[in-house]
Amino acid sequence: MLYKPDGAAGTGQARVERAARAAPSHRAMLERRRGNQLLTAWKAARADLAFPSLAALQETADPELFRHSMLLRVGARGALTIERFGPPMPATPASNGSASLPVVTPLVVTWVLSVGSSALRRRAPVTESDDVKIGARMLRYRCAVVPVSSDGAEVDALVGVLGYRWS
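Be aware that the sequence shown starts at 22, since it is given in this note's numbering, and climbs by one per residue.
As structure tokens, then:
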């Protein structure tokens, strides 16, 4: 952005300020890769069924992927319950002493459940990302959710991966 101080017309002074842009980090690539790995494993495990089983998905997917996974069970009338929530804490703590702040807040849990509801309603994989303000910093979340079935026809659970990083 170009700024001209008062009296700059006579002296020809001007200064340029640029907004700093962060370069893409390897964490963002890993988050996208986990979502893509989950979708690839889901397609491979599905074979000719409408939905793969959880066991087939676990066989097909990388074990490291399931360390970051969550399991949402489908209850009566489509109610979702988070049965397992597996993502670890971010590798790099936030600066300015806010590392003790929780990264999985009720707002994030509600957002994950809404992504799961979207996947359940569509009966297809869903990937979303969002920024959440925690303390003085922003945390970027990326979530991928796929439907699974015990009989191959009716969705009875959802498997997802949740990645987050400070932005």
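For every residue, glycine included, the Cβ atom is placed at its ideal position computed from N, Cα and C.
Quick check: residue i and residue j, are their CB atoms within less than 8 Å of each other?
i, j, result
"L101", "G137", "yes"
"V133", "L183", "yes"
"M159", "S139", "no"
"V125", "L59", "no"
"V153", "L78", "no"
"Y162", "V130", "no"
"E80", "R186", "no"
"R94", "A165", "no"
"A62", "A82", "yes"
"S135", "G107", "no"
Starting from residue i, follow the alpha helix (DSSP H) in both directions and report where the run begins and ends.
i, result
"F87", "P84 to R88"
"P168", "That residue, P168, is in no alpha helix (DSSP H); its beta strand (DSSP E) goes R158 to V169."
"E80", "L75 to T81"
Considering residue i, what are the terminal residues of the beta strand (DSSP E) in which it resides?
i, result
"L134", "Taken as a continuous stretch (DSSP letters only), L134 belongs to no beta strand (DSSP E), being part of the alpha helix (DSSP H) at P127 to R143."
"E149", "V147 to I155"
"V182", "A178 to W187"
"R105", "L101 to F106"
Between the alpha carbons of residue i and residue j, how many angstroms are there, rounded?
i, j, result
"S74", "E104", "16 Å"
"A65", "E149", "22 Å"
"R88", "D151", "21 Å"
"G195", "A68", "Nothing can be reported for residue 195, as the shown portion of the chain is limited to 22 through 188."
"E85", "G96", "28 Å"
"V169", "M50", "25 Å"
"R143", "R54", "23 Å"
Around the Cβ of residue i, are there at least 16 other Cβ atoms within 10 angstroms (buried) or fewer (exposed)?
i, result
"S171", "exposed"
"L141", "buried"
"R98", "exposed"
So, under 8 Å CB-CB, residue i and residue j are touching, yes? Tell me the CB distance rounded to an integer number of Å.
i, j, result
"A71", "A145", "So it is not a contact: roughly 10 Å between Cβ atoms."
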